[in-house]
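S.K.: Just passing along the structure, written as structure tokens.
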Amino acid sequence: MKKVIPFLCAATIVGAPFSAYAQEVTELKQSAEVNETVTDSDQTDGELIEEETPEIEQVKELTLGVVIQRGIENSRNLTVLQFNLEAMKSQILDTKSSQGDVSSNIRNLEKKMEALKEERDRLSDTSEIIMNELEQRRVNDALGALTNQINSLETAVKQLETGEVQLQLQGEEAKEGVRLMLTSSYTNLLTLQQQIAFAKKSIQSASQEVNKAQRLLEYGVGTKEEIRQAQLIQTNLEKQLEELEKNYNHTVATLCFDIGVSYNPDIVIQPIKYEVANNQKPENYSSLIDNTYKVKRAQNSLKSAITAYDDSYGNYELAQRDYEVKAAKETVALTKETIETAVEQMYHNEELTYFAYEEALRKLDNVKKDLKVLETKFKVGVVTKYDYEKALTQFDQAELNVYSASIQNYLIQQSIQAFEKGYVQ
């Protein structure tokens, strides 16, 4: 079964094209500004400001809902994405403001040009006419430069808005990734709790095996090798329990760090309510694929490439932009194909986990029947207490198998729900 793996979202915010446009915007804004006022920020000389370390909250118990809420609020990657999104919005506003300044300058120059033309019609002196025409040329050159400038600013705004959309999609996608990662960690803790409880019972049963082998040796019907083998089994089980407890404590520590609470090895992990399901795969889920964040981001990149192509000049630049558009289209198609394969595997895994759950239930039912027979024999003295308790251990193992299979099915259901919301690993 394809296990849900933790998603640690990397903060890949904006690509190189957006960074390049950001630099271009800054240069254009500087050239568009007529008057610039520089205000020196206040400096505090010789003073060190000590930041107080926030106290980590201590909690005694956790639920899955609380873990997800805290995890999203505490995610540094999501915080970085949000900061960059706010910075992008601010840059868009600044660039649009520069557009307004340039547009205002263009209108002023156009008025000046009209005034010069009207003045030219009234002039009769040759030298004055020459001076007027020279001034018209200078104004016309300035208008041309400002027109190019505002076109560049418009292109920059389009690219920045594309970057803004990408950041928004990344943020939404990251939230769903955090939810799945924390759900996986939480259910892992629940499974480990069950495994630890079963391991402790198994050790008790193994200890009884050692005692039995020792008594048989005392009665002259056993061997030292049988004792050694029984002790070896008990030792291996104790090591397995130690490993399970280490894994549990490590997972608790990681989860506490992810959600911003103080580590507490005795923290209570509340159980979750869920139903095992075998959902039918939709006959046509192309619309769901189109709605995924990965496809949306690929389509947004394609839109940006088309915009860059439309704003290109010259054969060389047009050819370059044309290749970029083709590459972006291919990326969209490839992304859809990759997601379709992943979705097919996801529904197949759900089917496998459901069948595994049903098989575990069938075996549990058989163990229950055998145990009921043994219980009757034990009550009438036909079966020893040792054999009956050994059968109880088999029953505990069968119950653990049912629980583990149901949890695996639950995780696949969560992946399917995430896909329906637009998230695919």
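Number 666 marks the last residue of the sequence shown (my numbering); no jumps.
Yeah, the Cβ is synthetic: ideal placement off N, Cα and C, and Gly gets one too.
1) Is it right to say Ala569 is buried, meaning 16 or more other beta carbons lie within 10 angstroms of its own, or is it exposed?
2) Would you mind sorting Gly312 into buried or exposed? The rule is 16 or more other CB atoms within 10 Å of its CB.
3) Does the beta-carbon distance from Val343 to Gln390 come in below 8 Å?
4) How big is the Cα-Cα spacing for Val300 and Asp507?
5) Tell me the rounded alpha-carbon separation between Ala273 and Gly412.
6) Considering only residues of the same chain and omitting the five flanking positions on each side of Asn541, which have a CB-CB separation below 8 Å?
7) Per DSSP, which one or two residues make a beta bridge with Ile513?
8) Can you give the Cα-Cα distance for Gln638 and Ser426, rounded to whole angstroms?
9) Out of Leu482, Thr304 and Ser448, state which residue places its alpha-carbon closest to the alpha-carbon of Ile468.
10) Which residue comes first and which comes last in the alpha helix (DSSP H) that contains Asp685?
11) Specify, as a first and last residue, the run of the alpha helix (DSSP H) that Ser667 falls within.
12) Can you look up Leu364 in the DSSP assignment and give me helix, strand or coil?
13) Quick one: what's got a C-beta closer than 8 Å to Val509's C-beta in the same chain, skipping five residues either side?
14) Do the CB positions of Leu384 and Ile347 come within less than 8 Å of each other?
15) For Asn532 and Tyr664, I'd like the C-alpha separation in whole angstroms.
16) Quick one: residues in its chain with C-beta nearer than 6 Å to the C-beta of Ser553, no 5 flanking neighbours on either side, listed in chain order?
17) Kindly indicate which three-state DSSP category Glu314 falls into: helix, strand or coil?
18) Cutting at 8 Å between CB atoms, please list the residues of its own chain near Tyr550, excluding the five before and the five after it.
19) Inspect the beta-carbon positions of Tyr598 and Ser647 and report whether they are closer than 8 Å.
20) Quick one: residues in its chain with C-beta nearer than 8 Å to the C-beta of Leu543, no 5 flanking neighbours on either side, listed in chain order?
21) Could you compute how far the alpha carbon of Thr278 sits from the alpha carbon of Asp335?
22) Assign Glu302 to one of three DSSP states: helix, strand, or coil.
23) Around the Cβ of Ile500, are there at least 16 other Cβ atoms within 10 angstroms (buried) or fewer (exposed)?
24) Is it right to say Leu401 is buried, meaning 16 or more other beta carbons lie within 10 angstroms of its own, or is it exposed?
25) Give the range of the alpha helix (DSSP H) segment to which Lys487 is assigned.
26) Quick check: the Cα distance between Glu486 and Leu431, rounded to an integer number of angstroms?
27) Given a threshold of 16 other Cβ atoms within 10 Å of its Cβ, counted over all protein chains shown, does Ile371 qualify as buried or as exposed?
28) If we ignore side chains and look at the alpha-carbon of each, how far apart do Thr424 and Thr617 end up?
29) Using beta-carbon positions only, say whether Phe710 and Val536 come within less than 8 Å of one another.
30) I'd like the span of the alpha helix (DSSP H) that includes Asn650, first residue to last.
31) Rounded to whole angstroms, how far is the Cβ of Thr594 from the Cβ of Ile547, which I believe are closer than 8 Å?
32) Thinking C-alpha only, which one of Gln323, Asn477 and Tyr557 is nearest Lys441?
33) Considering only their Cβ atoms, is the gap separating Ile444 from Leu482 smaller than 8 Å?
34) If you compare alpha carbons, which of Gln377, Asn349, Glu351 and Ser527 is closest to Asp362?
35) Who are the Cβ neighbours of Asn488 in its own chain at under 8 Å, not counting the five residues just before and after it?
36) Here's the rule I'm using: 16 or more other beta-carbon atoms within 10 Å means buried, otherwise exposed. How should Gly418 be labelled?
M.R.: Taking the geometry as given:
1) As a first step, residue 569 is located in the sequence shown; it is residue number 328 there, counting from the start. It counts as buried.
2) Counting from one through the sequence shown, the residue named residue 312 turns up at place 71. By the neighbour-count rule (16 or more Cβ atoms within 10 Å), Gly312 is buried.
3) Taking the first residue of the sequence shown as position 1, residue 343 is located at position 102. Taking the first residue of the sequence shown as position 1, residue 390 is located at position 149. Their beta carbons are under 8 Å apart, which means Val343 touches Gln390 by this criterion.
4) What you label residue 300 is simply residue 59 of the sequence shown in a count that begins at 1. What you label residue 507 is simply residue 266 of the sequence shown in a count that begins at 1. Roughly 10 Å separates the two Cα atoms.
5) On the sequence shown, position 32 is the one that residue 273 refers to. On the sequence shown, position 171 is the one that residue 412 refers to. The predicted position of Ala273 is uncertain, since its pLDDT is 43 and thus under 50; a value taken from the coordinates is nonetheless stated next. When rounded, the distance between both Cα atoms is 33 Å.
6) Along the sequence shown, read from residue 1 onward, the residue named residue 541 stands at position 300. Closer than 8 Å at Cβ, skipping near neighbours: Thr403, Val406, Gln407 and Leu410.
7) Here the question's residue 513 lines up with position 272 in the sequence shown. Partner(s): none; Ile513 has no beta bridge.
8) Here residue 638 refers to the residue found at position 397 when the sequence shown is read from its first residue. Here residue 426 refers to the residue found at position 185 when the sequence shown is read from its first residue. Looking at the two C-alpha atoms, the distance is approximately 23 Å.
9) Here residue 468 refers to the residue found at position 227 when the sequence shown is read from its first residue. For Ile468, the nearest C-alpha among the options comes from Ser448.
10) Here the chain comprises residues numbered 242 to 666, so residue 685 is not present and cannot be evaluated.
11) Not covered by the structure: residue 667. The range shown for the chain is 242 to 666.
12) Locating residue 364 in the sequence shown gives position 123, where the first residue counts as 1. It is coil, neither helix nor strand.
13) Numbered from 1 along the sequence shown, position 268 holds the residue referred to as residue 509. Hits under 8 Å: Lys301, Glu302 and Leu303.
14) Position 143 of the sequence shown, counted from the start, is the residue given in the question as residue 384. Position 106 of the sequence shown, counted from the start, is the residue given in the question as residue 347. Yes, Cβ-Cβ distance for Leu384 and Ile347 is below 8 Å.
15) Taking the sequence shown and counting its residues from 1, the one referred to as residue 532 is at position 291. Taking the sequence shown and counting its residues from 1, the one referred to as residue 664 is at position 423. Rounded to the nearest angstrom, the two C-alpha atoms are 9 Å apart.
16) Working through the sequence shown from its first residue, we reach residue 553 at position 312. Cβ within range, chain order: Leu559 and Arg562.
17) Position 73 of the sequence shown, counted from the first residue, corresponds to residue 314. Three-state DSSP puts Glu314 in a helix.
18) In the sequence shown, residue 550 corresponds to position 309, counting from 1. Result list for Tyr550: Leu559, Arg562, Asp563, Glu565 and Val566, in chain order.
19) Your numbering for residue 598 matches position 357 in the sequence shown. Your numbering for residue 647 matches position 406 in the sequence shown. Yes, these two residues count as a Cβ contact at 8 Å.
20) For the purposes of this step, residue 543 is taken as residue 302 along the sequence shown, with counting starting at 1. Counting only Cβ-Cβ distances below 8 Å, and skipping sequence neighbours, we find Val566, Ala569, Lys570, Thr572 and Val573.
21) On the sequence shown, residue 278 is found 37 positions in, with the first residue counted as 1. On the sequence shown, residue 335 is found 94 positions in, with the first residue counted as 1. The predicted model places Thr278 with a pLDDT of 40, which falls under 50 and marks its position as unreliable; any figure quoted below should be read in that light. Each residue's Cα considered, the two are about 16 Å apart.
22) In the sequence shown, counting from the first residue as 1, residue 302 sits at position 61. Of the three classes helix, strand and coil, the one that applies to Glu302 here is strand, per DSSP.
23) If you number the sequence shown from 1, residue 500 lands on position 259. Per the 10 Å Cβ criterion, buried.
24) Within the sequence shown, residue 401 is the residue found at index 160, counting from 1. The residue in question, Leu401, is buried, as its Cβ has 16 or more Cβ neighbours within 10 Å.
25) Against the sequence shown, residue 487 aligns to sequence position 246. That run of the alpha helix (DSSP H) goes Lys465 to Ile500.
26) For the purposes of this step, residue 486 is identified with residue 245 of the sequence shown, where counting begins at 1. For the purposes of this step, residue 431 is identified with residue 190 of the sequence shown, where counting begins at 1. Going by the C-alpha atoms only, they are around 12 Å apart.
27) The sequence position of residue 371 within the sequence shown is 130, counting from 1. Classification for Ile371: exposed.
28) As a working note, residue 424 is residue 183 in the sequence shown. As a working note, residue 617 is residue 376 in the sequence shown. So the alpha carbons of these two residues sit roughly 43 Å apart.
29) Lying outside 242 to 666, the shown extent of the chain, residue 710 is not represented and no answer is given.
30) As a first step, residue 650 is located in the sequence shown; it is residue number 409 there, counting from the start. Counting along the chain, the alpha helix (DSSP H) containing Asn650 begins and ends at Lys626 to Lys662.
31) Locating residue 594 in the sequence shown gives position 353, where the first residue counts as 1. Locating residue 547 in the sequence shown gives position 306, where the first residue counts as 1. Thr594 to Ile547, Cβ: 43 Å. No contact.
32) Indexing the sequence shown from 1 puts residue 441 at position 200. It is Asn477.
33) The residue labelled residue 482 in the question sits at position 241 within the sequence shown. The residue labelled residue 444 in the question sits at position 203 within the sequence shown. Yes, Cβ-Cβ distance for Leu482 and Ile444 is below 8 Å.
34) To locate residue 362, count along the sequence shown from 1; it is residue 121. Of the candidates Gln377, Asn349, Glu351 and Ser527, the one whose C-alpha sits nearest the C-alpha of Asp362 is Gln377.
35) Along the sequence shown, read from residue 1 onward, the residue named residue 488 stands at position 247. Hits under 8 Å: Leu433.
36) Position 177 of the sequence shown holds residue 418. With 16 or more Cβ atoms within 10 Å of its Cβ, Gly418 is classed as buried.
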